[in-house]
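Numbering-wise (this note's numbering), the sequence shown opens with residue -6 and increments by one.
Ideal placement from N, C-alpha and C gives every residue a C-beta, glycine not left out.
Computed from a predicted structure; not experimentally measured.
Here the structure comes first, spelled out in structure tokens, and everything after it is commentary.
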Amino acid sequence: MKNKQLCVKQKVVKIHAYKDFNLLTKKILQSCWQGLINFLIPSEEPQVRQRVTRQGDIYWEVYDPATGKYFTSGSEIEMRIWIEQLYR
-6 MKNKQLCVKQ
4 KVVKIHAYKD
14 FNLLTKKILQ
24 SCWQGLINFL
34 IPSEEPQVRQ
44 RVTRQGDIYW
54 EVYDPATGKY
64 FTSGSEIEMR
74 IWIEQLYR
């Protein structure tokens, strides 16, 4: 019985590792693709990204290529206000 439980646990661990690897690979490819697009088609519009910390907290990063300014906030409202103030 212990052998079967160990075998099942090992398979579950392998499946989770495989899913994590696929997720990581997908994120890396998305990031590379977005970087290539940004390089080939530069934009003067603010670039907004929603990020997640290792603890699972969501925060916002904004970059304005026209001014070279960066802004980071844990609040979507603060991020929107910062963008609006750029264009007043």
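Express the C-alpha separation of residue j and residue i in angstroms, rounding to a whole number.
i     : j   : result
I65   : P39 : First, the amino acid is wrong: residue 65 is Thr here, not Ile. For T65 and P39, the distance between alpha carbons rounds to 13 Å.
Y80   : T60 : 11 Å
I21   : E77 : 31 Å
K19   : D50 : 21 Å
F32   : D57 : 15 Å
K2    : T46 : The predicted model places K2 with a pLDDT of 49, which falls under 50 and marks its position as unreliable; any figure quoted below should be read in that light. About 29 Å.
L(-1) : N15 : Confidence in L(-1) is poor, its pLDDT being 47 and thus under 50, which makes the residue's placement unreliable; the coordinate value appears in the next sentence. Whole-angstrom Cα-Cα distance: 24 Å.
W75   : K62 : 11 Å
G28   : K12 : 24 Å
P35   : E71 : 25 Å
Could you check whether the Cβ of residue i sits closer than 8 Å to any Cβ belonging to chain C?
i   : result
L33 : Of the protein chains in the structure, only one exists, and it is not chain C.
Kindly indicate which residue of the options has the alpha-carbon position closest to the one of residue i.
i   : options               : result
R44 : S36, E69, E37 and W26 : E69
E54 : I74, V41, K62 and T46 : V41
Y52 : R73, G28, F14 and Q23 : R73
Tell me the residue span of the beta strand (DSSP E) that contains residue i.
i   : result
Y80 : Premise fails: Y80 is in no beta strand (DSSP E) and is neither H nor E.
task = Could you tell me which uninterrupted beta strand (DSSP E) segments, each at least 3 residues in length, are contained entirely in the segment 17 to 51, listed from first to last along the chain?
result = 40 to 45
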